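Chains as they are written, first to last, in our numbering: chain X, 318 to 646; chain Z, 364 to 650.
We put the beta carbon where it would ideally sit given N, CA and C, even for glycine.
Keep in mind the model is a prediction, meaning the values are calculated, not measured.
If you want it as C-alpha cells, here you go:
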C-alpha cells in the first residue's frame with residue numbers, strides 16, 4: 318500500500334507566497350465582479366460570503382482532520398449572540414465584536430471538543446448534536462439575556478474603523494465581509510501548509526500511525542476544533558452585525574447539516590471546494606426556494622445522492638475526472 | 364403520588380413508542396455498521412398510509428394498519444435492494460450524507476402528495492376511552508401502546524433466541540465476515556432485518572401518532588431522538604434499545620413535568636455525559 322505523499326515538492330518562495338494568496342485573490346476578483354454585476358442583491362451576496370467563512374471553518378475540521386460532526390452551528394450561534402450582546406450592551410465597534418465572537422466560538426469549541434473528540438462515529442455525531450440542542454434551549458430559556466424565542470433585535474453597529482458608516486444598501490457590509498473572508502482564507506492557507514496542517518491530514522489518513530510517530534493526536538484535534546470554532550464564531554458575528562438580528566434559529570440543526578452539504582458538494586479538504594460548494598448551494602437555494610421551499614428539499618436531496626454516488630470527492634474533482642476520461646477515450 | 368404514576372405511565376408509553384420505532388434502527392446499525400438517518404421515514408410512511416386509508420377512504424383502523432405495515436415493508440425491501448445495499452460500503456460520512464439525502468427526498472414527496480400540515484389518523488373511538496385498572500384509570504391508548512411494545516419485545520426475543528434466522532442474525536451482528544464464510548447468506552439476513560425494522564417503525568409511527576404527530580418533517584424532527592435511543596442503548600442490542608427507550612421516555616417525561624423549561628437542557632446534558640462516558644452505549648459491544 319502506498320501512502321499519499323503528504324509534503325509537496327519544495328516550491329520556490331515566490332510560488333509559496335502566490336499559493337497562499339491565490340484563494341483570497343480569486344475571492345476578491347469574484348467579489349468585485351459580483352459587486353458590479355448585481356448591485357441590488359448585495360444582502361444576498363453578503364449572506365453567501367458569510368456562509369463561505371463558516372464552510373471554510375468546517376473544512377478545517379472535516380476536510381483536513383476528517384472529523385465529521387453535525388454541530389457546527391453551536392459555535393456560529395455563540396459568536397452571533399456574543400456579537401449581538403456586545404453591540405447592544407458594551408461597544409458598537411464591529412472589529413471588537415468579531416474578536417469577542419471568535420473568543421466565544423473558540424471557548425465553546427474548546428469545552429465541547431474536550432468531550433466529543435474523545436469519541437468517534439455515531440457517539441461523536443450525537444454529542445455534537447446534543448451540544449447544539451443544549452445551547453439552543455439555553456438561548457431560548459435565558460430570556461433576560463438573549464430575548465428568548467424573540468431573539469436580539471435592533472443591533473446597531475458603529476462605523477468600521479471609525480470611518481465607514483454601514484449604509485442602507487449594504488455596500489460597506491459586503492466589502493467588510495469580503496475582506497474578513499480574504500483574511501481568513503490567507504490564514505487557513507498558511508495553517509494548512511504548516512507542519513500542523515500536515516499533522517491534521519496525517520490524522521485523517523491514519524490516526525494510529527500518527528500516534529506511533531509521536532503526534533499527540535487528541536491535542537491536535539482539539540486545537541483544530543478550537544481554531545475552526547473561532548472562525549465559525551466570526552461568521553456568526555458577521556451575520557449578527559450585518560442583519561442586526563440574532564434569533565435562536567442560529568442553533569438550528571439544519572444549519573449544521575447545510576454546512577456539511579455545502580462542503581461535500583464542493584469537495585472536502587480543499588478551500589476552493591468549500592467556496593464553490595457554498596456558492597452553488599446558496600444560488601440554487603435562492604432560486605429553488607423562491608419557487609417552492611419543498612421543491613428545494615427535493616433538489617438538495619437529489620444533489621446529495623448524486624454527489625455521494627457519482628462524485629464522492631465533490632465538484633472540484635470534476636475537471637480532473639473529465640480530463641482523465643478524455644485521455645482514456 | 365398520582366404525579367409519579369402519571370409520569371411513569373406516560374413515560375413508559377412514550378418509551379414503548381421509541382422502542383418500537385428505533386429497535387429496527389438499532390439492529391440495522393449494529394448489523395451493517397451503517398449510520399442510517401433515514402429510519403424515521405418508515406414511521407412517517409406508515410403514518411401517511413394509515414392517514415390516507417382511515418380519513419380519506421374510511422377503512423377501519425386495524426386493516427389500515429396492516430396494509431400500512433405491508434406497504435412499508437415492501438418499500439423498505441425495494442430501497443434496500445436499490446440504494447442501501449450500495450450505502451453499506453460507503454465511509455461514515457458518505458452514509459450520513461446519502462441517508463440525509465433520502466430523508467430530504469422523502470419529506471419533499473410526502474409534502475407534494477399530502478401537504479405539510481399534521482396528518483391526523485382516524486383511531487377507533489375506543490382508544491379515547493379510559494380503562495379502570497382497579498387502583499387507577501388509564502387512557503386506553505396508553506394501554507394499547509404499552510401492550511404492543513411488550514408484544515414486540517417478546518416477539519423479537521423469540522425471533523432472536525428461538526429461530527434459525529435469529530441465530531444467523533446474532534452471528535452476523537457479532538462478526539459479519541465469519542458468518543458469511545460459514546455459509547450464512549448475509550445479504551439475505553440484512554434484507555430481512557431491514558424489512559422487519561421498517562415494519563416495526565411503521566407500527567410505532569402509527570401507534571405513537573398521538574405523541575409524535577405525523578407530518579412531512581417527521582423524519583428530520585425526531586431523527587435525533589431515535590438515534591439517541593440507539594446510541595444510548597448500544598448498537599445492535601435489543602435489550603439495550605428497550606432499556607434506553609424506557610429510561611429516556613421516563614427521563615424526558617419527568618423533565619417536562621417537573622422542570623418545565625429546563626427539562627430539555629437536562630435531557631440533552633444527560634445524554635452527552637452518558638455518551639462521553641460510554642461511547643458504545645449502555646449495552647454496546649466494544650468495537
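>> Within 10 Å of its beta-carbon, does residue 397/X have 16 or more other beta-carbons around it, so buried, or fewer, so exposed?
In response: Position 80 of the first chain, counted from the start, is the residue given in the question as residue 397/X. Around the beta-carbon of residue 397/X, 16 or more other beta-carbon atoms lie within 10 Å, marking it buried.
Measure from the alpha carbon of residue 438/Z to the alpha carbon of each residue in 562/Z, 637/Z and 573/Z, then state which is nearest.
If you number the second chain from 1, residue 438/Z lands on position 75. Of the listed residues, the one whose Cα sits closest to residue 438/Z is 562/Z.
For the segment 393-420 of chain X, which residues have a CB atom closer than 8 Å to at least one CB atom of chain Z, in sequence order? Of all residues in the segment 393-420 of chain X, none is placed with a Cβ closer than 8 Å to any Cβ belonging to chain Z.
Under 8 Å (Cβ pairs) to chain X, residues found in the segment 618-630 of chain Z = Taken in chain order, the members of the segment 618-630 of chain Z whose beta-carbon sits within less than 8 Å of a beta-carbon on chain X are 624, 625, 627 and 628.
(request) Determine the chain X residues that contact residue 590/Z at a beta-carbon separation under 9 Å, and present them in chain order. (result) Here residue 590/Z refers to the residue found at position 227 when the second chain is read from its first residue. Residues of chain X passing the Cβ test: 439, 442, 443 and 446.
Exercise for review: Please report the residue range of the beta strand (DSSP E) in which residue 500/Z lies.
Suggested key: Counting from 1 along the second chain, the entry for residue 500/Z is found at position 137. First-last of the beta strand (DSSP E) with residue 500/Z: 500-502.
*asked:* By the three-class DSSP mapping on this structure, what secondary structure does residue 593/Z have?
replied: As a working mapping, residue 593/Z is identified with position 230 in the second chain. Here residue 593/Z sits in helix by DSSP.
Enumerate in chain order the residues of its own chain whose CB-to-CB distance from residue 593/Z is below 7 Å, with the five nearest sequence positions on each side excluded. Position 230 of the second chain, counted from the first residue, corresponds to residue 593/Z. Answer for residue 593/Z: 385, 388, 389, 392 and 604, listed in chain order.
Within a Cβ cutoff of 6 Å, which residues of the same chain sit near residue 539/Z, ignoring the five residues on either side of it in sequence?
Along the second chain, one-based indexing puts residue 539/Z at 176. For residue 539/Z, where only same-chain residues beyond five positions count, there are no Cβ hits under 6 Å.
Fill in: Own chain residues within Cβ distance below 7 Å of residue 600/X, not counting five before or after
On the first chain, residue 600/X is found 283 positions in, with the first residue counted as 1. Residues of the same chain with a CB within less than 7 Å of the CB of residue 600/X, apart from the 5 flanking positions on each side, do not exist.
Residue closest to residue 640/Z, alpha-carbon to alpha-carbon, out of 435/X, 574/X and 506/X
Position 277 of the second chain, counted from the first residue, corresponds to residue 640/Z. Answer by Cα proximity: 435/X.
Residues in its own chain within less than 7 Å of residue 335/X by CB, not counting five upstream and five downstream? Position 18 of the first chain, counted from the start, is the residue given in the question as residue 335/X. Closer than 7 Å at Cβ, skipping near neighbours: no residue.
For residue 361/X, which three-state DSSP category applies?
Numbered from 1 along the first chain, position 44 holds the residue referred to as residue 361/X. Judged by DSSP in its simplified three-state form, residue 361/X adopts helix.
Review point. How should residue 457/Z be labelled, buried or exposed, when 16 other C-beta atoms within 10 angstroms of its C-beta is the threshold for buried?
Key: On the second chain, position 94 is the one that residue 457/Z refers to. Classification of residue 457/Z: buried, given that the 10 Å Cβ count is 16 or more.
Closer than 8 Å between beta carbons: that is the criterion. Which residues of the segment 384-402 of chain Z meet it against chain X? Residues passing the 8 Å Cβ filter: 392 and 398.
| query | Which stretch, first to last residue, makes up the alpha helix (DSSP H) that contains residue 472/Z? | reply | Residue 472/Z sits at position 109 when you count from the first residue of the second chain. In the DSSP assignment, residue 472/Z falls within the unbroken alpha helix (DSSP H) covering 455-477.
**Backbone CA spacing between residue 511/Z and residue 533/Z [nearest angstrom]** = Residue numbering aside, residue 511/Z sits at position 148 when the second chain is read from its first letter. Residue numbering aside, residue 533/Z sits at position 170 when the second chain is read from its first letter. Approximately 24 Å between the Cα atoms of the pair.
Candidates 583/X, 588/X, 569/X and 519/X: which alpha carbon is nearest residue 466/X's? Taking the first chain and counting its residues from 1, one reaches residue 466/X at position 149. Checked all of 583/X, 588/X, 569/X and 519/X; the closest Cα to residue 466/X is 569/X.
- With which residues is residue 494/Z paired in a DSSP beta bridge? For the purposes of this step, residue 494/Z is taken as residue 131 along the second chain, with counting starting at 1. Looking at the DSSP output, residue 494/Z bridges to 501/Z.
Within chain Z, partners of residue 436/X - CB distance below 9 Å | The sequence position of residue 436/X within the first chain is 119, counting from 1. In chain order, 638, 639 and 642 make up the part of chain Z whose C-beta sits under 9 Å from the C-beta of residue 436/X.
**Asked** For a contact meaning CB atoms closer than 9 Å, what does residue 464/Z contact in chain X?
**Response** The sequence position of residue 464/Z within the second chain is 101, counting from 1. The contacting residues are 578, 617, 618, 619, 620, 621, 622, 623, 624 and 625.
| field | Neighbourhood of residue 535/Z by C-beta distance below 7 Å, restricted to the same chain and skipping five residues each side | value | By 1-based counting over the second chain, the position of residue 535/Z is 172. The beta carbon of residue 535/Z sits closer than 7 Å to those of 394, 542, 547, 549 and 552, all from its chain and outside the five residues before and after it, given in chain order.
_Based on DSSP bridge pairs, tell me the residues matched to residue 563/X._
By one-based count along the first chain, residue 563/X stands at place 246. Looking at the DSSP output, residue 563/X sits in a beta bridge with 469/X.
Should the segment 630-645 of chain Z be regarded as contacting the segment 419-437 of chain X, the criterion being three or more beta carbon pairs within less than 8 Å?
Counting Cβ pairs under 8 Å, three or more are found: they touch.
**Q.** Residue range of the alpha helix (DSSP H) that includes residue 444/X
**A.** Numbered from 1 along the first chain, position 127 holds the residue referred to as residue 444/X. The continuous alpha helix (DSSP H) containing residue 444/X extends over residues 439-458.
Exercise. Can you tell me whether DSSP reads residue 573/Z as helix, strand or coil?
Worked result: Here residue 573/Z refers to the residue found at position 210 when the second chain is read from its first residue. Three-state DSSP puts residue 573/Z in a helix.
Margin query: Taking only three categories from DSSP, how would you classify residue 481/Z?
Written below: Here residue 481/Z corresponds to residue number 118 of the second chain, with the count starting at 1. Of the three classes helix, strand and coil, the one that applies to residue 481/Z here is coil, per DSSP.
Report task. Since I believe residue 370/Z is in contact with residue 617/Z (beta carbons under 8 Å), could you give me their beta-carbon distance rounded to a whole number of angstroms? Result -> By 1-based counting over the second chain, the position of residue 617/Z is 254. By 1-based counting over the second chain, the position of residue 370/Z is 7. Between residue 370/Z and residue 617/Z the Cβ distance is about 5 Å, and since that is below 8 Å, they are a contact.
- Query: Taking any Cβ of chain Z, which residues in the segment 578-595 of chain X have a Cβ under 9 Å from it, in chain order?
  - Reply: Taking 9 Å as the Cβ-Cβ cut-off against chain Z, the residues of the segment 578-595 of chain X that qualify are 578, 581 and 585.
Original post:
So with Cβ pairs under 7 Å, would you call residue 467/Z a contact of chain X?
Top reply: The residue given as residue 467/Z occupies position 104 in the second chain. By the rule that beta-carbons nearer than 7 Å mark a contact, residue 467/Z touches chain X.
For residue 428/Z and residue 412/Z, the rounded distance between their alpha carbons
Counted from its first residue, the second chain places residue 412/Z at position 49. Counted from its first residue, the second chain places residue 428/Z at position 65. Cα-Cα distance, rounded: 8 Å.
**Q.** Helix, strand or coil at residue 641/Z [DSSP, three-state]
**A.** Here residue 641/Z refers to the residue found at position 278 when the second chain is read from its first residue. Note: residue 641/Z maps to coil in three-state DSSP.
Counted within 10 angstroms of its Cβ, other Cβ atoms place residue 649/Z as buried (16 or more) or exposed
Reading the second chain from its first residue, position 286 is the one you call residue 649/Z. Because the pLDDT of residue 649/Z is 46, which lies under 50, any placement of that residue in the model is unreliable, and the number read from its coordinates should be weighed accordingly. Exposed.
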